[in-house]
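Structure first, then comments.
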Amino acid sequence: DRLRIVVAPKKVRLQPRPKDGYAWSVTSPNAGLLKSSLSSGNIHLYRSICNKIGHSFEAISLQTLRTSQSNANCIPKEAESFGDRTDGSFTVEISKLKAANSSIENELERTRARLNDCLNESHTVRAEANKLRRDMQILRSHNKKLHDELI
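Quick note: the sequence shown, position 19, residue 19 per the UniProt record's numbering, numbers continuous.
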């Protein structure tokens, strides 16, 4: 429904062709199972697909698949067009979360760099303050000595 295409169950393919209008997105590390040929498979393959992949796959548009594969840190165009609406696609949601994580990581790195700069500046200012305190102490001592000589 989300893709606005209807595919009869007997026409669903593990390896859809571009003209089919959909592709599979799998979050499981067992995604390679979908590259198997069902026609040459056996019951073990079918069970593996059900047990190892389970509900961790969904049909997505080819555009979403291409976008999410070409740049994992990029929000797919479909995701952007939905705005705040949720279309139920975990592929789009994962892409959004990856993009958000990447943005947060970049901001954290910038913040760390700025903190480092501030710490370095703080050390420099403290060293300068200590030098000025020593100079002031020397000048006070010198001032007291001159004052004592006058009396």
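Here a beta-carbon is modelled for each residue, glycine too, at the ideal position from N, C-alpha and C. Predicted model, so just to flag it, every value in this text is computed and none were measured.
> Could you give the C-beta distance for Leu-62 and Ala-23, rounded to a whole number, given that I count them as a contact under 8 Å?
Replying inline: 5 Å
>> Quick check: what's the CA-CA separation for residue 159 versus Glu-107?
In response: Residue 159 is absent from the model: the chain starts at 1 and stops at 151.
> So what does Ser-141 bridge to, in DSSP terms?
Replying inline: Bridge partners of Ser-141: none, in fact.
> Which stretch, first to last residue, makes up the alpha helix (DSSP H) that contains Ile-43?
Replying inline: 43-48
> For Thr-124, does the count of other Cβ atoms within 10 angstroms reach 16, so buried, or fall short, so exposed?
Replying inline: exposed
>> Measuring straight from C-alpha to C-alpha, what distance separates Ser-141 and Ser-122?
In response: 28 Å
> What residue range is occupied by the uninterrupted beta strand (DSSP E) comprising Val-26?
Replying inline: 23-26
> If you run the structure through DSSP and keep just helix, strand and coil, what is Ile-94?
Replying inline: helix
> In terms of residue numbering, what span does the beta strand (DSSP E) encompassing Ala-59 cover?
Replying inline: 57-60
>> Quick check: Ser-25 and Thr-64, are their CB atoms within less than 9 Å of each other?
In response: yes
> If we ignore side chains and look at the alpha-carbon of each, how far apart do Ser-37 and Ile-60 end up?
Replying inline: 20 Å
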